[in-house]
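What follows is a single structure, written as structure tokens, with notes after it.
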Amino acid sequence: MTDACSHRLFFALVALAMAFTAPASLHAQFRFSTVVIDAGHGGKDPGTIWYHRVEKHLALDVAKRVETGLRAKGIKTVMTRRTDTFVELDQRARLANKVPSSIFVSIHFNADGRDFGKNGAEMHYYGPKGLAIARRLDMAFDRSVKLGCRKLVQRKRLVVLRDTKAPAVLVECGYLTNRTNSWLCSLTSHRQAIANAIVAGILASRVR
Ligand SMILES: [Zn+2]
11 MTDACSHRLF
21 FALVALAMAF
31 TAPASLHAQF
41 RFSTVVIDAG
51 HGGKDPGTIW
61 YHRVEKHLAL
71 DVAKRVETGL
81 RAKGIKTVMT
91 RRTDTFVELD
101 QRARLANKVP
111 SSIFVSIHFN
121 ADGRDFGKNG
131 AEMHYYGPKG
141 LAIARRLDMA
151 FDRSVKLGCR
161 KLVQRKRLVV
171 LRDTKAPAVL
181 VECGYLTNRT
191 NSWLCSLTSH
201 RQAIANAIVA
211 GILASRVR
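Just so we're aligned, residue 11 is where the sequence shown starts under the working numbering, counting upward by one.
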């Protein structure tokens, strides 16, 4: 059990207790027809690079797998980028705001050069609807993605979350600074498992 995981049981118990008192919005589902999929970074902005693994390429790969998975379920998708190109953050939010009846899911990989033990996936969100989706994604990762810890993180100033009007989440799909996470994320099968979990979390957030 890592340091970061040592309080997991405690938090699980707190979460269980909160489940009985949490407002309904935490478990809310939404009506949406389209998912705007945002592969982080691109072009001149590679994102983080560790052990020859480049965030922008991994993020685009997962984004395309999510696109394929959602389309197979009959959900429309819009990609903020489909190639290795640079797109400004506010441009991504503007594009998302043109898509009616949508949610926004941004895909990134994490790094912490001061703590190589840090591992796991993080769901970053802005508003309460974002939190509801983040929780569904978190549950889906818990079921099928082996990365270590998982965390929900509120981000008030992140441009793509703050400026996107639709419910928005940003998934940090593992720490490239952590040797084990980084190696896992280099595997096609693992990135497919990540994409499957993102698709499952999105489907669980949707009113049928
Ligand atoms: Zn990133």
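All C-beta atoms, glycine included, are put in the ideal place defined by N, C-alpha and C.
Please read all numbers here as calculations on a predicted model, not as lab measurements.
Option in the options with minimal Cα separation from residue i
{"i": "Ala205", "options": "Gly79, Thr58 and Gly57", "result": "Gly79"}
{"i": "Leu2", "options": "Val97, Gly50, Ser154 and Met149", "result": "Residue 2 lies beyond the range of the chain shown here (11 to 218); nothing can be said about it."}
{"i": "His207", "options": "Lys139, Asn191 and Val76", "result": "It should be pointed out that residue 207 corresponds to Ala in this sequence rather than to His. The residue with the shortest Cα to Cα distance from Ala207 is Val76."}
{"i": "Gly52", "options": "Arg146, Lys156 and Leu68", "result": "Leu68"}
{"i": "Ser154", "options": "Ser196, Ile85 and Arg201", "result": "Arg201"}
{"i": "Thr93", "options": "Lys66, Ala82 and Val179", "result": "Lys66"}
{"i": "Gly158", "options": "Ile113, Ser192 and Ile117", "result": "Ser192"}
{"i": "Gly140", "options": "Arg124, Asp125 and Ile113", "result": "Ile113"}
{"i": "Val45", "options": "Thr190, Leu70, Leu197 and Val88", "result": "Val88"}
Residue i Cβ short of 7 Å to ligand 1 heavy atom set
{"i": "Glu65", "result": "yes"}
{"i": "His51", "result": "yes"}
{"i": "His134", "result": "no"}
{"i": "His62", "result": "no"}
{"i": "His118", "result": "yes"}
{"i": "Gly184", "result": "no"}
{"i": "Gly130", "result": "no"}
{"i": "Gly211", "result": "no"}
{"i": "Gly57", "result": "yes"}
Same chain only: Cβ atoms within 6 Å of residue i, ignoring 5 sequence neighbours per side
{"i": "Arg102", "result": "Asp48, Thr90 and Val170"}
{"i": "Ile105", "result": "Per the sequence shown, residue 105 should be read as Leu rather than Ile. So the qualifying residues of the chain are Thr90."}
Cβ neighbours of residue i in the same chain (closer than 7 Å, five flanking residues each side left out)
{"i": "Ala121", "result": "Thr58, Trp60, Tyr185, Leu186 and Thr187"}
{"i": "Asp173", "result": "Asp100 and Ala103"}
{"i": "Gln164", "result": "Tyr135"}
{"i": "Leu194", "result": "Leu157, Gly184 and His200"}
Contact with chain B by residue i, beta-carbon distance below 8 Å
{"i": "Arg92", "result": "Although the question refers to chain B, the structure presented lacks it and comprises just one protein chain."}
Beta-bridge pairing of residue i - partner residues as DSSP gives them
{"i": "Phe40", "result": "Arg216"}
{"i": "Glu182", "result": "His118 and Glu132"}
{"i": "Thr87", "result": "Val45"}
{"i": "Ile59", "result": "Val64"}
{"i": "Arg160", "result": "Ala131"}
{"i": "Gly52", "result": "Asp55"}
8 Å CB neighbourhood of residue i in its chain, flanking five on each side removed
{"i": "Arg41", "result": "Ser111, Arg216 and Val217"}
{"i": "Thr95", "result": "Gly52 and Gly53"}
{"i": "Leu168", "result": "His134, Tyr136 and Leu180"}
Buried versus exposed, by CB contacts within 10 Å (16 or more), residue i
{"i": "Glu98", "result": "exposed"}
{"i": "Gly50", "result": "buried"}
{"i": "Pro177", "result": "buried"}
{"i": "Arg146", "result": "buried"}
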